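Engineer: Going down the list, the sequences are from chains A and B.
The first sequence maps to residues 1 to 302 in this note's numbering.
The second sequence maps to residues 1 to 267 in this note's numbering.
Note that beta-carbon positions come from the ideal geometry of N, C-alpha and C, so glycine has one too.
It should be emphasised that the depicted structure is a prediction, and the values quoted were computed from it without experimental measurement.
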Amino acid sequence: MNDAYALWQLTRRNLKIFLKDKANIFFSLLAPLIVLALYVLFLGRVQTDGLLASLDGMGVTGAEEAVRAFCDSWMLAGAMSCACITVPLCACNIMITDKTRGISSDLTVSPVSAWVTPCSYFLSVVAAGLTIGMIVLGVCFVWLAASGSWMLSAGDAFACVGTLVLSVISSSTLLVLIVGFFRSEGAFTALNVILGTVIGFLIGAYMPITYFPKAVQTITLFIPGSYTAGLFRNFFMGGAVENIAVTLSKEFAAALEQEFSLTFDFFGLELGIPVMAAVLAVAAVLFAGLNVLAAVLRARRT
Amino acid sequence: MQEVPFSEFGEEVVRAEGLKKVFSLSRKQQRLEKTGETQKVAVAGLSFSAYRGEIYGLLGPNGAGKTTTLRILSTLIRPDAGDAFVCGHSVRGEAQKVRDSIGFMTSELKLEGFFTPSYLFDFFGALHGVDKETLAKRKQELFARFGIDRFAEVRVKDLSTGMLQKVSLVISIVHDPAVVIFDEPTNGLDVLTAKVVTDFLLELKAMGKSILLSTHIFSLVEKLCDRVGIIIDGKMVSDGTLADVCGGMPLEERFFEIYHAIKGETV
Numbered sequence: 001m002n003d004a005y006a007l008w009q010l011t012r013r014n015l016k017i018f019l020k021d022k023a024n025i026f027f028s029l030l031a032p033l034i035v036l037a038l039y040v041l042f043l044g045r046v047q048t049d050g051l052l053a054s055l056d057g058m059g060v061t062g063a064e065e066a067v068r069a070f071c072d073s074w075m076l077a078g079a080m081s082c083a084c085i086t087v088p089l090c091a092c093n094i095m096i097t098d099k100t101r102g103i104s105s106d107l108t109v110s111p112v113s114a115w116v117t118p119c120s121y122f123l124s125v126v127a128a129g130l131t132i133g134m135i136v137l138g139v140c141f142v143w144l145a146a147s148g149s150w151m152l153s154a155g156d157a158f159a160c161v162g163t164l165v166l167s168v169i170s171s172s173t174l175l176v177l178i179v180g181f182f183r184s185e186g187a188f189t190a191l192n193v194i195l196g197t198v199i200g201f202l203i204g205a206y207m208p209i210t211y212f213p214k215a216v217q218t219i220t221l222f223i224p225g226s227y228t229a230g231l232f233r234n235f236f237m238g239g240a241v242e243n244i245a246v247t248l249s250k251e252f253a254a255a256l257e258q259e260f261s262l263t264f265d266f267f268g269l270e271l272g273i274p275v276m277a278a279v280l281a282v283a284a285v286l287f288a289g290l291n292v293l294a295a296v297l298r299a300r301r302t
Numbered sequence: 001m002q003e004v005p006f007s008e009f010g011e012e013v014v015r016a017e018g019l020k021k022v023f024s025l026s027r028k029q030q031r032l033e034k035t036g037e038t039q040k041v042a043v044a045g046l047s048f049s050a051y052r053g054e055i056y057g058l059l060g061p062n063g064a065g066k067t068t069t070l071r072i073l074s075t076l077i078r079p080d081a082g083d084a085f086v087c088g089h090s091v092r093g094e095a096q097k098v099r100d101s102i103g104f105m106t107s108e109l110k111l112e113g114f115f116t117p118s119y120l121f122d123f124f125g126a127l128h129g130v131d132k133e134t135l136a137k138r139k140q141e142l143f144a145r146f147g148i149d150r151f152a153e154v155r156v157k158d159l160s161t162g163m164l165q166k167v168s169l170v171i172s173i174v175h176d177p178a179v180v181i182f183d184e185p186t187n188g189l190d191v192l193t194a195k196v197v198t199d200f201l202l203e204l205k206a207m208g209k210s211i212l213l214s215t216h217i218f219s220l221v222e223k224l225c226d227r228v229g230i231i232i233d234g235k236m237v238s239d240g241t242l243a244d245v246c247g248g249m250p251l252e253e254r255f256f257e258i259y260h261a262i263k264g265e266t267v
């Protein structure tokens, strides 16, 4: 049996199941949609008014457009970061339903190598994350362009795509590892609800991480998703921050960079874009290795 | 690969030799089973043979080790000791070849609602490495034989329970296995669907397949099985043709006679 062909068939089947389940897709986008809803309802105004008041205090006026562009970019960076985690998580649902419905047994007794099925789950989770992620990214770009807040260079736009790919691979390796230990749909739903609820806070999508107590800020440094958010913020908001620096105040722009976590302070060490990308890549390799180890141990246990 | 022996029953297609499997019990399982033991012997040195073209039934109460035995034969779990051979291939050393030779079924419906029987047949066919030409021919033949052809492109969620069961069963033999292993074939099924399953098994036998099934239903063994093995506490306590095992008694009566003799308790 050609394992590569079986891998292709299984991955296609897993992806089809995810894409045909509209409710699952909706729930995978719930966290980004909540970010969007909160922003439209009040967060946008709160942030914009707060920043304008600060600028007023500095004697700077007429900064509405620049500040709105900054806040729009911040919100969309948060929504994208959430999507990179919640979409792969919901795509992991197939791993649980296959187990609980006994389909795993059918797959196991087919004459394909033991690595094919787990690998197909990972590939389909990545494919689902990239497919939906690209759509969400497209919507974000349209939003920025339509609202007049587009301040991204072509390089920023491509970097956003790169960040999406890296983040989806990184979060998928971690999520496939975690969900691999789950045996019931109830446990998976609980993880989905908990992660969907807290992820927006942990990666600073609802409010900047600097607003949280120091202990919480420290915890976020150890969550790979924080680095996804950091990268998206840099590419989405970089142009807007530069615009503020040029047209309004350099000091104010520098303060915004710090407050909205465009760089991370890792115990006194300032982490920029290359380090954030490296953290995601290392996390992906590490969790991929752990996935292989878990698969080998599972095979031995039976 | 071992040489496949012949006996008075014909060509031996399945042989279990001293199979043993011990499971660790979690605290929760210990509480449920009301035991302080940390391990449970599911199968304790089980040996038996099944032959080409026959239906062999493993009969026993819940927890006797029937499902564990079938899962070992299907290569879903590895035995702690002993070995089993399917069409001469060892479940320990030649798992992939064993998988080529078996179809594993349960009474559960394992079909995604929005796929069609045709898609699912092709999908599982591809997993089993069946080439496209053979697959198309086999689909036409099996779908016609079991009356699925008219529903081949209907979404699974729109099929009746009986038809769903047929689709599930036909998919399990997509690769034309020599041996069909069926864990509790009629468990939880209504009478109409159960009849679909039993008719299907008789049809498979007519097609020359060897069928291994587990059950705790006496009437099912009497209706379907050529030979039966009675398992209690993971041990094979009686094995042979129905006539040999029953010795002129009804199967149910004979089973409880053996059960009481071993367990020393009344039901």
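Which residues of the segment 128-146 of chain B have a Cβ closer than 8 Å to any Cβ of chain A? Give them in chain order.
Structural biologist: Residues H128 and G129.
Engineer: Work out the CA separation of G240 (chain B) and T173 (chain A) for me, nearest whole Å.
Structural biologist: If I take the Cα positions, the gap works out to 51 Å.
Engineer: Which chain B residues sit within Cβ distance under 8 Å of A6 (chain A)?
Structural biologist: The contacting residues are A126, L127 and G129.
Engineer: Does DSSP classify R183 (chain A) as helix, strand or coil?
Structural biologist: R183 (chain A) falls in the coil class under three-state DSSP.
Engineer: Going by alpha carbons, who is nearest to V87 (chain A) out of A:L15, A:G129 and A:L107?
Structural biologist: The candidate whose alpha carbon is nearest that of V87 (chain A) is A:G129.
Engineer: Thinking F182 (chain B) and M163 (chain B) are a contact (beta carbons under 8 Å), I'd like their distance in whole angstroms, please.
Structural biologist: Not confirmed; about 19 Å, so no contact.
Engineer: If you draw a straight line from the C-alpha of S118 (chain B) to the C-alpha of V170 (chain B), how long is it?
Structural biologist: Between S118 (chain B) and V170 (chain B), the C-alpha separation is close to 11 Å.
Engineer: Going along chain A, which residues have a C-beta under 8 Å from K235 (chain B)?
Structural biologist: None at all; the shortest Cβ gap to chain A is about 22 Å.
Engineer: Report the residue from A:A299, A:T48, A:I96 and A:K16 whose alpha carbon sits nearest the alpha carbon of G186 (chain A).
Structural biologist: G186 (chain A) has its Cα closest to that of A:I96, out of A:A299, A:T48, A:I96 and A:K16.
Engineer: Residues of chain A with CB under 7 Å from K110 (chain B), in chain order?
Structural biologist: The answer, in chain order, is R101, G102, I103 and D106.
Engineer: If V14 (chain B) sits next to S47 (chain B), beta carbons under 8 Å apart, how far is it from one beta carbon to the other, in whole angstroms?
Structural biologist: 11 Å between Cβ atoms; not a contact.
Engineer: For a contact meaning CB atoms closer than 9 Å, what does R233 (chain A) contact in chain B?
Structural biologist: Within 9 Å Cβ-Cβ: nothing; R233 (chain A) doesn't reach chain B, min ~39 Å.
Engineer: Within the continuous beta strand (DSSP E) that includes S238 (chain B), where are the two ends?
Structural biologist: Note, S238 (chain B): beta strand (DSSP E), K235 to T241.
Engineer: Which residues mark the beginning and the end of the beta strand (DSSP E) in which L59 (chain B) is found?
Structural biologist: Residues I55 to L59.
Engineer: Residues of the segment 66-93 of chain B with a CB closer than 7 Å to any CB of chain A: list them in chain order, please.
Structural biologist: The residues in question are S74, T75, L76, I77 and R78.
Engineer: Residues of chain E with CB closer than 7 Å to the CB of T106 (chain B), please, in chain order.
Structural biologist: Here the protein chains are A and B, and chain E is not one of them.
Engineer: Quick one: list the residues of chain B neighbouring N2 (chain A), beta-carbon separation under 9 Å, in chain order.
Structural biologist: Those within 9 Å of N2 (chain A) in chain B are G129.
Engineer: Take A190 (chain A) as the anchor and find which of A:L271, A:L89, A:V46 and A:C71 has the nearest alpha-carbon.
Structural biologist: Comparing Cα-Cα distances from A190 (chain A) to each of A:L271, A:L89, A:V46 and A:C71, the minimum goes to A:L89.
Engineer: Thinking C-alpha only, which one of A:R183, A:S104 and A:V67 is nearest A53 (chain A)?
Structural biologist: The residue with the shortest Cα to Cα distance from A53 (chain A) is A:V67.
Engineer: Specify whether the segment 151-171 of chain A and the segment 72-85 of chain A touch according to this definition: at least 3 beta carbon pairs, one from each stretch, less than 8 Å apart.
Structural biologist: Yes: the two stretches touch, three or more of their Cβ pairs being nearer than 8 Å.
Engineer: For S74 (chain B), does the three-state DSSP call read helix, strand or coil?
Structural biologist: Reduced to three states, the DSSP call for S74 (chain B) is coil.
Engineer: Is there a Cβ from chain B that is less than 8 Å from the Cβ of R298 (chain A)?
Structural biologist: No - not a single Cβ of chain B is within 8 Å of the one on R298 (chain A).
Engineer: Give the secondary structure of L269 (chain A) by DSSP, where H, G and I count as helix, E and B as strand, and everything else as coil.
Structural biologist: DSSP places L269 (chain A) in strand when its eight states are reduced to three.
Engineer: Compare the Cα-Cα distances from E37 (chain B) to each of B:F23, B:V43 and B:A44 and report the closest residue.
Structural biologist: Checked all of B:F23, B:V43 and B:A44; the closest Cα to E37 (chain B) is B:F23.
Engineer: Could you give the C-beta distance for L111 (chain B) and S168 (chain B), rounded to a whole number, given that I count them as a contact under 8 Å?
Structural biologist: Contact holds; Cβ gap of about 6 Å.
Engineer: Check whether the segment 128-136 of chain B and the segment 200-216 of chain B touch, using three or more Cβ-Cβ pairs below 8 Å as the test.
Structural biologist: Because the criterion of three Cβ pairs below 8 Å is not met, the segment 128-136 of chain B and the segment 200-216 of chain B do not touch.
Engineer: Roughly how many whole angstroms lie between the Cα atoms of Y121 (chain A) and R13 (chain A)?
Structural biologist: Spanning the two alpha carbons is a distance of roughly 10 Å.
Engineer: Please classify Y211 (chain A) as buried or exposed, where buried requires at least 16 neighbouring CB atoms within 10 angstroms.
Structural biologist: Label assigned to Y211 (chain A): exposed.
Engineer: May I ask you to list, following chain order, the residues of the segment 211-222 of chain A that have a beta carbon less than 7 Å from some beta carbon of chain B?
Structural biologist: Within the segment 211-222 of chain A, no residue qualifies.
Engineer: Between which two residues does the alpha helix (DSSP H) containing T106 (chain B) stretch?
Structural biologist: No alpha helix (DSSP H) contains T106 (chain B), which is instead part of the beta strand (DSSP E) from I102 to T106.
Engineer: How many angstroms separate the CA atom of L175 (chain A) from the CA atom of F287 (chain A)?
Structural biologist: Their backbone Cα atoms lie some 9 Å apart in a straight line.
Engineer: I'd like to know if the segment 195-211 of chain A and the segment 11-31 of chain A are in contact, where contact means that at least 3 CB-CB pairs between them fall below 8 Å.
Structural biologist: Counting Cβ pairs under 8 Å, three or more are found: they touch.
Engineer: Please compile the residues from chain A whose C-beta is within a distance smaller than 8 Å of the C-beta of Q30 (chain B).
Structural biologist: Per Cβ cutoff of 8 Å: no residues; Q30 (chain B) is ~18 Å from chain A at best.
Engineer: Look at the Cβ atom of L19 (chain B), then the Cβ atom of L212 (chain B), and state whether they are nearer than 8 Å.
Structural biologist: Not closer than 8 Å, so no.
Engineer: Flag K20 (chain A) as yes if its beta-carbon sits less than 8 Å from any beta-carbon of chain B, otherwise no.
Structural biologist: Yes, K20 (chain A) lies at the interface with chain B (some Cβ there is under 8 Å from its Cβ).
Engineer: Quick check on Q9 (chain A) - is its C-beta less than 8 Å from some C-beta in chain B?
Structural biologist: With 8 Å as the cut-off, Q9 (chain A) counts as an interface residue toward chain B.
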